[in-house]
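Single-structure report; data block below.
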Amino acid sequence: MQKLDRLGISIVRPAATLAVILCVWWAVTTFGLVSPLFLPSLGHVGQAFSTLLAESGTYWDVFATTYRAMLGLFLSVVVAVPLGLVFGRKPRLYEYFELPTDFFRSIPSSALFFLFILLFGIGDTSKVAVVFYGCSLILLVNAVYGARPNREKLDRINMLRSFGATNWQIFHLAVLPDALPHIAAGIRVCASLSLVLVIVTEMFLGASSGLGKVIYDAYLAYRIPQMYAVIILLGFLGFAFNRLCLLLERQATFWQPNHTSK
Amino acid sequence: MTMVEMTVDRLGKSFEGNSTTEEVLRDVSVVVRPAEVVAIRGDNGTGKTTLLNIMVGIEAPTTGTARCTVEGGDSVRVGYVQQDYTSSLLPWLDVLDNIGIPLQLRGANKAERGIRANQLLDSLGFNMLPRDAYPHQLSGGQKQRVALARALIHHPHLLILDEPFANLDAHTIRDLQQTLSRLHEDQRPTVLFVSHDLDQVFLADRVLLLHGSPANIAAEFSVPLPRPRSREMILGGEYAEVRSEILAFEEMLYAKTR
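Just so you know, the protein sequences line up as chains A and B, in that order. Heads up, the first sequence is in our numbering, so the first residue is 1 and it goes up one at a time. Heads up, the second sequence is in our numbering, so the first residue is 263 and it goes up one at a time.
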């Protein structure tokens, strides 16, 4: 019964907020408080949204955007996480790389768009490279913090060492699980970031497909309801990304007090 | 039966700070004979834990050596219960998996580890321990039991316990003392343990007193009680003599320091 109540609350409260937003939108457009050029009516946007879903090309655009974002994120996980774990365990080695990492992390990925076009052309490679650049440095730093020893982590490592554990056993039994919550949190942040970066690259880096291109085309042609429809679709996509990452994060940190469910 | 002798020879340990060096141990020499039980006493900060860490190979000595000599050919199995047992448990493993770690490191599969951990918990009388719970779901005393069971599961030749009875209720301490005493009779491990409580050193054959800064072995007391040991021996005259001797010496040392 309590579970049912909690479920009810978790659905009812966000739904109420959404209903208020829609009511305000309806009122603003119905009473002409904002020009329909900037904010079309709910009906027009709904119609554009259903048209968007009915077009087969939309699914290709969704796939193209997801593919670029996920590939960039995947590559940054593959490269940055192991590197971060090594740096976390070898602080003296990381001292050589900490300053350059902080410096490059401070350069916004968007500032490198044109450099990446020069380096990789206007195809998918430059878009994936922008995502890779933006995500890998965040993941690197998160993995470093996750693997960096503190007193509690050292107690666990020492315990394993006292039982004769090898370095590899120490790594996979203690260092990696200890670092996972940091890494999982980094992946969740980067999943949202990857989508942001891909959308912007699709708008400006000569894309032939992708939701960013669809938004930009709709904006140039003043198809404002379609632009809103794609933005809402992107909202759903971003929400799905976030929920998926949250699920992975909970799996990685199931043993923490708030997450335990066996 | 594999037996282990621990030899510590002129051991010293210093810790490097940013601008200072703190010398914790100097010229510590001790031989712990096979199957002997040795208790270590000393004030907080005298380097007892550091000495134990060096003995199990977690830390390296600055000078001198600490080495195990094995009789019987097998490789040395060490069971170590750290002072901070809470953080030494792996939070992502349940009770049985935590206890099975020494077996896992030696290649035992999960089923085998589970069976042996369950058998051990039964034999130790830890029946109230929730076996599928995670460390954050356990009380301090329960975590202590898990850490102790983990140190015992692979039948260690060398058992090192850093304040093993801290945070346990009197009833549990009595049970654990009997268990350790029985285990020592059966398996004959070499045992070193740190304890501040004089009522616990009746388990030992010898008591070493670590004192000073940097610390070394200031005194050594033998506990001439017959084996197997039982808690009732604490009430006997022989133990009262040992106890008074230790207390008198400690009083004299601390009076000098003040």
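Don't be surprised by glycine CBs; every beta carbon is placed ideally from N, CA and C. Being a predicted model, the structure only gives us computed values, none of them experimental.
Problem - Beta carbon of V214(A) nearer than 7 Å to that of T65(A) - result: Judged by their CB atoms, V214(A) and T65(A) are not nearer to each other than the 7 Å cut-off.
Practice task
Output yes if chain B places a C-beta closer than 7 Å to the C-beta of W168(A); else output no.
Solution key: It does not; no Cβ of chain B falls within 7 Å.
Problem - Residue interval of the alpha helix (DSSP H) (run including K127(A)) - result: Taken as a continuous stretch (DSSP letters only), the alpha helix (DSSP H) holding K127(A) covers D124 to A147.
Handout entry: Any non-hydrogen atom of the ligand FMN within 6 Å of S385(B) CB
Key = Only the bare structure without any ligand can be found here, which leaves the ligand FMN out of the picture.
Exercise for the section: Look up I479(B) in the DSSP assignment and say whether it is helix, strand or coil. Expected result: DSSP, reduced to helix, strand and coil, places I479(B) within a strand of the structure shown.
Exercise for the section: Report the rounded CA-to-CA distance for K262(A) versus V175(A), giving the unit in angstroms. Expected result: Interpretation of K262(A) is limited by its pLDDT of 41, a score under 50 that renders its predicted location unreliable; the figure taken from the coordinates is listed afterwards. Rounded to whole angstroms, K262(A) and V175(A) show a C-alpha spacing of 23 Å.
Practice task
Pick helix, strand or coil for F116(A), following the three-state DSSP scheme.
Solution key: DSSP places F116(A) in helix when its eight states are reduced to three.
Practice task
Taking only beta-carbon positions, decide if G121(A) is within less than 7 Å of chain B.
Solution key: Among the CB atoms of chain B, none fall inside 7 Å of the CB of G121(A).
Practice task
Would you tell me roughly how many angstroms separate the C-alpha atoms of Q345(B) and L365(B), rounded to the nearest one?
Solution key: Each residue's Cα considered, the two are about 22 Å apart.
Exercise for the section: Specify, as a first and last residue, the run of the beta strand (DSSP E) that Y342(B) falls within. Expected result: Note, Y342(B): beta strand (DSSP E), V340 to V343.
Problem - Short Cβ contact (7 Å threshold) for I302(B) with L472(B) - result: Yes; because the gap between Cβ atoms is below 7 Å, this pair is in contact.
Problem - Endpoints, alpha helix (DSSP H) assigned at A252(A) - result: Its alpha helix (DSSP H) spans residues I224 to A252.
Practice task
Establish whether the CB of Y396(B) and some CB of chain A are separated by less than 7 Å.
Solution key: Interface residue, yes.
Practice task
Would you identify the three-state DSSP class for S261(A), choosing helix, strand or coil?
Solution key: Residue placement at S261(A) is flagged as unreliable, the pLDDT there being 43, under the threshold of 50; the coordinate-derived value follows with that caveat. The three-state secondary structure of S261(A), taken from DSSP, is coil.
Problem - Residue interval of the alpha helix (DSSP H) (run including D424(B)) - result: Under the DSSP assignment, D424(B) falls outside any alpha helix (DSSP H), being part of the beta strand (DSSP E) whose first and last residues are L420 to D424.
Problem - Cβ of W25(A) within 7 Å of any chain B Cβ - result: Judged by the 7 Å Cβ criterion, W25(A) is not in contact with chain B.
Problem - K90(A), enclosing beta strand (DSSP E) - first and last residue - result: Per DSSP, K90(A) belongs to no beta strand (DSSP E) and is neither H nor E.
Exercise for the section: Could you tell me which chain B residues have their CB closer than 7 Å to the CB of W255(A), listed as they occur along the chain? Expected result: Chain-ordered, the chain B residues with CB closer than 7 Å to the CB of W255(A) read P353, W354 and Y396.
Handout entry: For S109(A), the nearest candidate out of G146(A), A15(A) and C190(A) (CA to CA)
Key = For S109(A), the nearest C-alpha among the options comes from C190(A).
Handout entry: S337(B) classed as buried or exposed, judged by whether at least 16 other C-beta atoms fall within 10 angstroms
Key = Counting Cβ neighbours within 10 Å, S337(B) comes out exposed, since fewer than 16 surround it.
Problem - N- and C-terminal bounds of the alpha helix (DSSP H) containing Q448(B) - result: Here the sequence assigns Asp to residue 448(B), which means Gln is not the residue at that position. For D448(B), the enclosing alpha helix (DSSP H) has its first and last residue at A432 to Q449.
Problem - Within 7 Å, strictly: CB atoms of G72(A) and S209(A) - result: Contact flag unset, no.
Practice task
Could you list which residues in chain A have their beta carbon closer than 7 Å to that of S350(B), in chain order?
Solution key: Residues of chain A with a Cβ closer than 7 Å to the Cβ of S350(B) are, in chain order, D155, R156 and M159.
Handout entry: Pair within 7 Å by beta-carbon distance, Y347(B) and Q406(B)
Key = Against a cut-off of 7 Å, the Cβ pair of Q406(B) and Y347(B) comes out as a contact.
Practice task
Determine the DSSP secondary structure at L454(B), reduced to helix, strand or coil.
Solution key: DSSP places L454(B) in strand when its eight states are reduced to three.
Problem - Helix, strand or coil at A301(B) [DSSP, three-state] - result: The three-state secondary structure of A301(B), taken from DSSP, is strand.
Practice task
Ignore the nearest five residues each way along the sequence and tell me which others in L382(B)'s own chain have a CB closer than 6 Å to its CB.
Solution key: The residues are A411 and I415.
Exercise for the section: Quick one: grab the DSSP three-state call for G279(B). Expected result: Three-state result, G279(B): coil.
Practice task
List the residues that DSSP assigns as beta-bridge partners of E513(B).
Solution key: Assignment of beta-bridge partners to E513(B) by DSSP yields no partner.
Handout entry: For S350(B) and G326(B), the rounded distance between their alpha carbons
Key = Between G326(B) and S350(B), the C-alpha separation is close to 28 Å.
Handout entry: Cβ-based contacts, 8 Å cut-off: residues of the segment 486-515 of chain B near chain A
Key = Answer in chain order: no residues at all.
Practice task
May I have the straight-line CA-CA distance separating T519(B) from R272(B), to the nearest angstrom?
Solution key: Their backbone Cα atoms lie some 23 Å apart in a straight line.
Problem - Contact list for L173(A) against chain B, beta-carbon separation under 9 Å - result: Within 9 Å Cβ-Cβ: L352, L355, I363, Q366 and L367.
Problem - Inter-residue Cα distance where the pair is H182(A) and R375(B) - result: One C-alpha to the other measures close to 30 Å.
Practice task
Given a cut-off of 7 Å, decide if V45(A) and Y222(A) are closer than it, judged by their beta-carbon atoms.
Solution key: No, the pair does not count as a contact, with Cβ atoms beyond the cut-off.
Problem - Collapsed DSSP secondary structure at D411(B) in the structure displayed - result: What sits at residue 411(B) in the sequence shown is Ala, not Asp. Of the three classes helix, strand and coil, the one that applies to A411(B) here is helix, per DSSP.
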